[in-house]
Every structure is written in C-alpha cells, then in structure tokens.
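These notes concern the structure reproduced below.
Protein chains in written order, with this note's numbering: chain A, 8 to 263; chain B, 17 to 219.
Now the structure itself:
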C-alpha cells in the first residue's frame, strides 16, 4: 500500500527560513539546511522548499540551499518559487530536487506546464495554487505570493492544470496559512475529488488532528505543514505516530 | 569506481552524493572514454522515455553501454527512468524503442478501476525477491520512494527482482545477470535506499 505522506514545508526568504500568517508578517525561523537535516532524521516523507525571495539577483541562494540539503538528506525534495523556465527546472533538478512546484508561471502561461512535463515527465511537475475567498465569498486562485487575483476558480484550474500535464497539485489556503486553524477542508476536498493526480493539502495545520483530517476529510494524498513544527512541540515523529494511531497507513521506518 | 552515466536526464548529483557518502569513488560523465574506467555503472534518470533514449544515442552511450554490460560484463544499476530504458519498448508519449536488455515493455499505470491517483508518488512497501546481492540485509516489505506514471512489464518473470502493489502488483526492480534496475529511487529512500546502494558498491 502507498503510504500517506507527511511533508514539512520550509518557506525561504533570501536564504533563511521564514514563517508568516496569511502570506504576510514573516518571522525568521532559522537555517533551512539545519531544519532539513532534522526533518530527515525524524523520517519526514518529503521536504518542500518554497522560495519567496523577490529579488532575482538573490535567487541563486536557493540553488545553493537545495544543493547543500541534497548533499546531506537522501530524501525527496520538492522545490518551488519563481520558476519560470525549463532552464530553472533543469538547474534545480541538477542540484538535487526531485520535483518542482510551479505557481505564477503556470497561471500566466499554462502551456509552460505542458512544456516542462514533456521534458521532465509529469511526475516531476507540481502545480501549486494559492487560494482565498474573494470579495464575493467565492474561492479564487491568487498568484505572485497571494497578491494578484487571477479570476480562476480552483476546481476548474485544477482540472486544466492536470490536463496540461501537472503530476501533482499543492493546494494552499491563503486564509488559513500560518493561522493553525486547520486546513480549509472544503477547498481541499473539492480539488482532490475533481482530479486524478495526488493533492497535497497545505495552509492551516495547527494540530495533529488537522493532519489526519486533511487526509480523511479533505481526501488529500499528502499533508504539508510548517507552523506546527516551527512553533509547537510537535515533531514529525509524534505526528507520524498520531496519524498511525488514527488509522492512517503511514510509513514504517524499520528496514531490518 | 562507480561510473554514473550523465545523459542530461535529471538527478545525477543526488546519486553521486549518495555513493560518495557511502565511501565509493565516483565519476559522473557522458563520455565513454571516461566512463570506461569504472568497474560498475549506474544509469539514473528522471524524465520522459523518448528524450532519454534519444540522448543516450546522440551521445554514443547506448552502444558503449551495450559493450560494457554484455562483453565486459560490468554490473549496471538503472534507477527509475534508467531502469525503464533497459526495456525493449516504452509507450510514454508515443512509442519508442528501448535498449532492449530486459524483455519488457514500459506502460502507463492503469488504476482507474481502483480509483487510484497517477503518478504513483510516495513511499510504498517493496516485496524483495531472495538471492539478490543488492537487497542483502534489507527486510522485505521495507518502504522505498517512488515517483512515476509508467512501470515496467516483464515478459520473463525471472527478470522480476521485486514487486510493489499499487492497484495491482507491478515490477519494482529487475535483474538479469549483471543488469540491475529499481523503479524506486534508492538515493531518495533514506536508510533503506542507502543500504541498497552500499550493497551495490560491496558486491
């Protein structure tokens, strides 16, 4: 049986880990490579790096962080933030990423999803969508770190993205992000039920029960979390144990 | 020395770093003249089947590898796409001829009846076949990391070295004489994966 994945996410800004609330008020949370090593040692199923560094000159720092992480952590790495070209993807894979997460560039030019899937295979291409409720109270996809309205509805965009070749979807609720109020289960479930590719739930996990709910009630294939590991005494180990006790099929670390 | 074949497809660095961590001397190259110094070869790879084969041919590597594997009897380990390329044919975005070292075809997962998602992404239990030096000391049903939409279908069941279940049983590893392949990524499978690579160095 394929195991339910628990994915700590690391938000990066100019080479440091940061964590905010609803895509704002960021706090420094430490060195990303050190954090990655801890998550690796605790048996995280995958790591997610999302870079929000605005300055393109400073984006090379990301390649260095991924490279140094991949030298020390022999686990799956998914990297996103500012990816705009086939060359960006190639560089990230060369330094050790296994998957890339594309957000704004996919909305601006959906054909880019297809082009990258053609070269790297669709298993490599994760399309990330940041969603919040607009003034009409309807879910809408936002780009550019949640600042720009796209007019796209999450379910329709999800289906389109998969059609174009996305191998996985990372669905983040901007309204919940960093709040520790739990995932937006209604949003996650709507997207997960409408596509054939795995969906990673993101934004809002504040308790271990939230992680379980993301899978059981949100129908996600994997759950991503950050604040819960940065700001509480919950660890990957405790989370995995809790998920297992709740009846989810999580990975056993025993190999002998 | 372990020779990692660089044919422009993916995660060479992760594979190289894993072998280096385990104490092996490593050469990463796309040039037959340089790779021929290696005693064992690794064919990694992330990407599409058609591009993979085209690159191997363009770089003169398919012929070189054939000689190394079948005449010089060097062990080779294919990882993910690297293993798939060893099949006779692949059906990813069209129909492509593979290296043909394993009597197999590469087909897309058919899991609609089971309501499962494709790609198959994540950790899954692998039933390891006996007598295989690369599995030494690893418990059968240990978890390894997979990320793929296509899998190998062997004609000769003797080539199947390990099985995994996703809707149905599929080939998770192959072996024919000195040709080894894993559909999962040992270089991304933490302790279990590193043990497998260590076994490959030591065998």
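Just so you know, even glycine gets a beta-carbon here, dropped at the ideal spot from N, CA and C.
Predicted, not measured: the structure shown is a model, and the values here were computed from it.
- Using the DSSP secondary-structure output, state which residues sit across from residue 15 of chain A in a beta bridge. Taking the first residue of the first chain as 1, we reach residue 15 of chain A at position 8. DSSP lists A:232 as partners of residue 15 of chain A.
- Where residue 55 of chain A sits in the DSSP three-state scheme: Position 48 of the first chain holds residue 55 of chain A. In the structure shown, residue 55 of chain A sits in a strand (DSSP, three-state: E or B).
- Item | Contact set between the segment 138 to 152 of chain B and chain A, restricted to residues whose Cβ is under 8 Å from the partner | 138, 139, 140 and 141
- Length of the line joining the Cα atoms of residue 39 of chain A and residue 45 of chain A: Against the first chain, residue 39 of chain A aligns to sequence position 32. Against the first chain, residue 45 of chain A aligns to sequence position 38. So the alpha carbons of these two residues sit roughly 10 Å apart.
- Item | Three-way DSSP call (helix, strand, coil) for residue 190 of chain A in this model | Residue numbering aside, residue 190 of chain A sits at position 183 when the first chain is read from its first letter. Correct three-state label for residue 190 of chain A: coil.
- Item | Residues that DSSP places opposite residue 136 of chain A in a beta bridge | Translated into the one-based positions of the first chain, residue 136 of chain A becomes position 129. Answer is A:178, bridged to residue 136 of chain A.
- Message: Could you check whether the Cβ of residue 112 of chain B sits closer than 7 Å to any Cβ belonging to chain A?
- Response: As a working mapping, residue 112 of chain B is identified with position 96 in the second chain. Residue 112 of chain B does not count as touching chain A.
- Query: Based on the DSSP output, what are the partners of residue 149 of chain A in its beta bridges?
  - Reply: Translated into the one-based positions of the first chain, residue 149 of chain A becomes position 142. In DSSP, residue 149 of chain A forms a bridge with A:137 and A:156.
- Taking 7 Å as the CB-CB limit, is residue 135 of chain B close to chain A? If you number the second chain from 1, residue 135 of chain B lands on position 119. Closer than 7 Å: yes.
- Message: Short of 9 Å Cβ to Cβ, which residues in the segment 106 to 128 of chain A face chain B?
- Response: 106, 124, 125, 126, 127 and 128
- Message: So, for residue 144 of chain B: in the same chain, excluding its five sequence neighbours on each side, which residues have a beta-carbon less than 7 Å away from its beta-carbon?
- Response: The sequence position of residue 144 of chain B within the second chain is 128, counting from 1. Once the five neighbours on either side are set aside, the close Cβ partners of residue 144 of chain B are 151, 154, 156 and 178.
- Message: Can you pull the chain B neighbours of residue 9 of chain A, defined as C-beta to C-beta under 7 Å?
- Response: To locate residue 9 of chain A, count along the first chain from 1; it is residue 2. The answer, in chain order, is 136, 138, 140 and 182.
- Item | Cβ of residue 218 of chain A within 7 Å of any chain B Cβ | Taking the first chain and counting its residues from 1, the one referred to as residue 218 of chain A is at position 211. Chain B contact via Cβ: absent.
- Task: For residue 65 of chain B, count neighbouring C-beta atoms within 10 Å of its own C-beta (all shown protein chains included) and say buried if the count is 16 or more, exposed if not.
- Result: In the second chain, counting from the first residue as 1, residue 65 of chain B sits at position 49. Looking at its Cβ environment, which holds 16 or more other Cβ atoms inside 10 Å, residue 65 of chain B is buried.
- Secondary structure, alpha helix (DSSP H): runs of 4+ residues fully inside the segment 44 to 75 of chain B: 48 to 51 and 65 to 74
- Query: Of the residues that make up the segment 184 to 218 of chain B, which ones have a beta carbon closer than 8 Å to any beta carbon in chain A?
  - Reply: 201, 203, 204, 205, 206, 207, 208, 209, 210 and 211
- Item | Cβ neighbour criterion (16 or more within 10 Å) applied to residue 196 of chain A | Mapped onto the first chain, residue 196 of chain A falls at position 189. Its Cβ being crowded by 16 or more others within 10 Å, residue 196 of chain A is buried.
- Query: If you compare alpha carbons, which of B:140, B:133 and B:141 is closest to residue 129 of chain A?
  - Reply: Within the first chain, numbered from 1, the residue matching residue 129 of chain A stands at position 122. Per the Cα distances, B:133.
- Item | Simplified DSSP state of residue 109 of chain A, which is helix, strand or coil | Taking the first residue of the first chain as 1, we reach residue 109 of chain A at position 102. In the structure shown, residue 109 of chain A sits in a strand (DSSP, three-state: E or B).
- Query: Below 7 Å between beta carbons: does that hold for residue 71 of chain B and residue 23 of chain B?
  - Reply: The residue you call residue 71 of chain B lines up with position 55 of the second chain. The residue you call residue 23 of chain B lines up with position 7 of the second chain. Yes, these two residues count as a Cβ contact at 7 Å.
- Checking contacts by CB at 7 Å: is residue 203 of chain A closer than that to chain B? By one-based count along the first chain, residue 203 of chain A stands at place 196. Yes - at least one Cβ of chain B is within 7 Å of the one on residue 203 of chain A.
- My understanding is that residue 202 of chain A touches residue 169 of chain A, with C-beta atoms under 8 Å, so please give their C-beta distance in whole angstroms. In the first chain, counting from the first residue as 1, residue 202 of chain A sits at position 195. In the first chain, counting from the first residue as 1, residue 169 of chain A sits at position 162. Confirmed, about 5 Å.
- Item | Beta bridge counterpart(s) of residue 23 of chain A as assigned by DSSP | One-based indexing of the first chain puts residue 23 of chain A at position 16. Per DSSP, A:20.
- Is the beta carbon of residue 174 of chain A sitting closer than 7 Å to the one on residue 120 of chain A? Within the first chain, numbered from 1, the residue matching residue 174 of chain A stands at position 167. Within the first chain, numbered from 1, the residue matching residue 120 of chain A stands at position 113. Not closer than 7 Å, so no.
- Bounding residues of the alpha helix (DSSP H) (the contiguous stretch that carries residue 171 of chain A): Sequence index remark: in the first chain, residue 171 of chain A carries index 164 (1-based). Element bounds for residue 171 of chain A: 161 to 171.
- Task: Can you give me, in chain order, the residues of the segment 50 to 83 of chain A that have a beta carbon less than 9 Å from any beta carbon in chain B?
- Result: 50, 52, 53, 74, 77, 78, 79, 80, 81, 82 and 83
- Rounded to a whole number of angstroms, what is the C-alpha to C-alpha distance between residue 118 of chain A and residue 174 of chain B? For this step, residue 118 of chain A is matched to residue 111 along the first chain. For this step, residue 174 of chain B is matched to residue 158 along the second chain. When rounded, the distance between both Cα atoms is 43 Å.
- Query: Quick one: what's residue 210 of chain B bridged to in DSSP?
  - Reply: For this step, residue 210 of chain B is matched to residue 194 along the second chain. Answer is none; residue 210 of chain B lacks a bridge partner.
- Neighbouring residues, chain A, relative to residue 27 of chain B (Cβ below 7 Å): One-based indexing of the second chain puts residue 27 of chain B at position 11. Residues of chain A passing the Cβ test: 100, 103 and 105.
- Measure the Cβ-Cβ separation of residue 13 of chain A and residue 47 of chain A and say whether it is below 7 Å. As a working note, residue 13 of chain A is residue 6 in the first chain. As a working note, residue 47 of chain A is residue 40 in the first chain. Not a contact, by the Cβ cut-off of 7 Å.
- Return helix, strand or coil for residue 80 of chain A, following the three-state DSSP convention. By 1-based counting over the first chain, the position of residue 80 of chain A is 73. Correct three-state label for residue 80 of chain A: coil.
- Would you mind working out which of A:198, A:166, A:162 and A:220 sits nearest residue 188 of chain A, comparing C-alpha positions? On the first chain, position 181 is the one that residue 188 of chain A refers to. If we check each option's Cα against that of residue 188 of chain A, A:220 comes out closest.
- Query: Rounded to a whole number of angstroms, what is the C-alpha to C-alpha distance between residue 112 of chain B and residue 22 of chain A?
  - Reply: Mapped onto the second chain, residue 112 of chain B falls at position 96. Mapped onto the first chain, residue 22 of chain A falls at position 15. For residue 112 of chain B and residue 22 of chain A, the distance between alpha carbons rounds to 42 Å.
- Using a Cβ cut-off of 9 Å, pull out every chain B residue sitting near residue 211 of chain A, in sequence order please. Taking the first residue of the first chain as position 1, residue 211 of chain A is located at position 204. Those within 9 Å of residue 211 of chain A in chain B number zero; the least Cβ separation is about 22 Å.
- Would you kindly report the start and end of the unbroken beta strand (DSSP E) that includes residue 188 of chain B? As a working mapping, residue 188 of chain B is identified with position 172 in the second chain. Start and end: 184 to 192.
- residue 198 of chain A to residue 101 of chain A span [Cα, whole Å]: For the purposes of this step, residue 198 of chain A is taken as the residue at position 191 of the first chain. For the purposes of this step, residue 101 of chain A is taken as the residue at position 94 of the first chain. Approximately 31 Å, taken between the alpha carbons.
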